[in-house]
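Trainee: Next up is a structure, given as structure tokens.
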Amino acid sequence: MDMLRKLGYYPIRAAGSHGLFDVVAIGPEHVRLIQVKFNCKPTAEERRALESFATPENVVKELWVFKCRMQPEIYTL
37 MDMLRKLGYY PIRAAGSHGL FDVVAIGPEH VRLIQVKFNC KPTAEERRAL ESFATPENVV
97 KELWVFKCRM QPEIYTL
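So for the sequence shown, our numbering puts the first residue at 37; every next one is plus one.
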């Protein structure tokens with residue numbers, strides 16, 4: 037959340053809602069929908085659901101994988 041704020045986004049945490057995305061980050065030019073994983077990648081079923089989720093053109097879907105609390109690996113879906 038702090039990383040997104042520093043980049044000029046307004047992040048909203050939706051973790052625990054059991055939805056597809058854990059963070060919605062609103063920026064001046066686009067919105068980022070982010071699924072966050074710690075020390076694991078999503079299952080094939082989760083990845084298919086993320087990839088098939090339809091969004092408007094100004095929305096970016098991302099998967100952030102944190103390993104040992106380091107900088108995340110960020111994948112655009």
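All residues carry an ideal CB built from backbone N, CA and C; glycine is no exception.
1. Just grab the DSSP bridge partners of Q71 for me.
2. Expressed to the nearest angstrom, what Euclidean distance is found between the alpha-carbon atoms of E109 and K73?
3. Please state whether DSSP places E65 in a helix, a strand or coil.
4. Could you tell me which of R41, D58, R68, E82 sits nearest to E93, measuring between CA atoms?
5. Could you tell me which uninterrupted alpha helix (DSSP H) segments, each at least 4 residues in length, are contained entirely in the stretch 37-63, listed from first to last along the chain?
Mentor: On the basis of the coordinates in this document:
1. L99
2. 10 Å
3. coil
4. R68
5. 38-42
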